[in-house]
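Once you know that position 146 of the sequence shown is 146 in full-length UniProt numbering, the rest is easy, because the numbers rise by one and skip nothing.
Even for Gly, the Cβ is constructed at its ideal location relative to N, Cα and C.
None of these values were measured; they are calculated from a predicted model.
Below: the structure, in structure tokens.
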Amino acid sequence: MPNDLFFDARPSRRTVTLGLAAGIAATVLPWRALALDTGSARALVVEAVAQVNQTINSGKSEQQMYVEFERLFSRYADVRAIARTALGVAARGASQSELSAFTQAYQGYIARKYGKRFREFVGSEIKVIDARPMKSAVEVISTAYLRNENPFEVRWHVSDRSGRPAFFNIIIEGVNMLASERAEIGALLDRNRGSIPALAEQLRRSS
């Protein structure tokens, strides 16, 4: 994937795991959990991971898997909020049509970007251990077991602010992964001289 700007000493396992979530940071938007309980949040993460693993082991071609990953991203994540947060302050001055076009392009970009690495997840698993309420969301705590790696902690933040349960942040070994996504998108936006339409077009073209 071109323009991979992850600031990570060990990008492989974090980027593979991040692909399961494609999350966003709780500190950027005013999140409010409506009526979400720990059981529902936990079930969401368990189901999302199971669906990704099913796709990985389906024997489908890469292109077919990208389509499926994009569907799963749309189903389990708050894509609209993710896209706005990835844009940062630039989202405030964008028109609705620009935000809509960027969101659609970003959704496909995420599916392709992380879908390329999902085969590394074959034979591995994420086990959900616990879930606990936060001030404005629910945190689901899990342990990831990747092949040839020591187990490591993954924390998922889930909210129903969008009207349905969806995860909006993932923290891997204490690293909030939105920082990497936002830094990358911010750098790409700078390269496109602040033009959101140009950025969206670049994301659509990225393989």
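- V122 and I56 do touch by the CB rule: their CB atoms are close to 6 Å apart, below 8 Å.
- Residue nearest to E201 within the set R71, S61 and Q104 is Q104 (criterion: CA-CA distance).
- Between the C-alpha atoms of S136 and A77 there is a straight-line separation of about 16 Å.
- Following the DSSP letters along the chain, one finds V67 inside the alpha helix (DSSP H) bounded by residues E62 to Y76.
- In this structure V158 touches P165 by the C-beta definition: roughly 6 Å separates them, less than 8 Å.
- In the DSSP assignment, R161 falls outside any alpha helix (DSSP H) and carries neither an H nor an E.
- A144 is positioned such that its CB atom lies no closer than 8 Å to that of R42.
- By the beta-carbon neighbour count (other beta carbons within 10 angstroms, threshold 16), K127 is exposed.
- In this structure, T85 lies near L178, with their beta-carbon atoms less than 8 Å apart.
- For S142, the three-state secondary structure derived from DSSP is strand.
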